[in-house]
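Participant: First the structure, then my questions, so here it is.
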Amino acid sequence: MALDCGGVMAVKTIPRGGSLLQSVDVGLCNFLLHYISRFGAHNLFIVSRVNYPSANHWVVRFGTLLGIPRDNIKLCVQKWEKAGIVAELDCSHFVDDSDDCLKAVSVSGQTYCYYYANRNPEQYLRTKWLSFGSWAAF
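Dropping the structure here:
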C-alpha cells in the first residue's frame, strides 16, 4: 500500500517550533498501527510529490517518525511520477487527494485507488474513486 503524505497523512500546518506529530490527521496513527501489525512496515510506502527532495525533507522525517522505513519513502518532483513509483513498488492500494495522481496510477488496472476527501468533502460525492473522509472510515 502506498499513501500520499501532504493532505492525506499530514493535514494540518505545523506551528513554528511545533512537532511533526501535530500535523497528523485524526485516526491515522490507529490505521498505521493496525496496518503495520497485520501486514508489516515493509509493505507500507509513502509516495509524495515535493518541491525539493532531500534525505532530511519533512516528509521523510514524518514517515520515519510514524514507523515507516526510510527506504519505503519515495519522493518525486512531478505528480505524474507517482504512477511509475507505485507501479514499480507493485502496490495493491494507493491513497491520494489528487484526482490527477489517481488517474495516472489507475491506468495499469492493478492498483485500487482511494480518494481522500477530508479537505475537499464536496469531491467525496463526485469522484469516481473509492472515497473516504476520515482514517477511521478507511
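Residues in the sequence shown are numbered from 2 upward in steps of one, following the working numbering. We treat Cβ as the ideally placed atom computed from N, Cα and C, and that holds for glycine. These numbers were taken from a predicted model, which means no experiment stands behind them.
#1: Starting from residue 95 and walking both ways along the beta strand (DSSP E), at which residues does that stretch end?
#2: Contact between the segment 102-110 and the segment 27-46 is defined here as three or more beta-carbon pairs at a separation below 8 Å; is this criterion met?
#3: Assuming residue 75 and residue 48 are in contact, meaning their beta carbons sit under 8 Å apart, how far apart are those beta carbons, in whole angstroms?
#4: Taking the alpha helix (DSSP H) that residue 107 falls in, what are its first and last residues?
#5: Measure from the alpha carbon of residue 50 to the alpha carbon of each residue in 10, 77, 87, 138, then state which is nearest.
#6: What residue does the alpha helix (DSSP H) around residue 30 start on, and which one ends it?
#7: Roughly how many whole angstroms lie between the Cα atoms of residue 23 and residue 118?
#8: Put residue 64 into one of helix, strand or coil per three-state DSSP.
#9: Report the option in 139, 61, 35 whose CA atom is closest to the CA atom of residue 7.
#10: Can you grab the Cα-Cα spacing for the pair residue 94 / residue 88, in whole Å?
#11: Just confirm the distance between the C-beta atoms of residue 98 and residue 5, as a whole number of angstroms; I'd bet it's less than 8 Å.
#12: Applying the criterion that 16 or more other CB atoms from any shown protein chain within 10 Å of the CB defines a buried residue, is residue 14 buried or exposed?
#13: With distances taken Cα to Cα, identify the nearest neighbour of residue 20 among 59, 91, 101.
#14: Flag this pair as yes or no: are the beta carbons of residue 137 and residue 68 separated by less than 8 Å?
Facilitator: Quick answer:
#1: 94-97
#2: no
#3: 5 Å
#4: 100-107
#5: 77
#6: 29-40
#7: 20 Å
#8: helix
#9: 61
#10: 11 Å
#11: 6 Å
#12: exposed
#13: 59
#14: no
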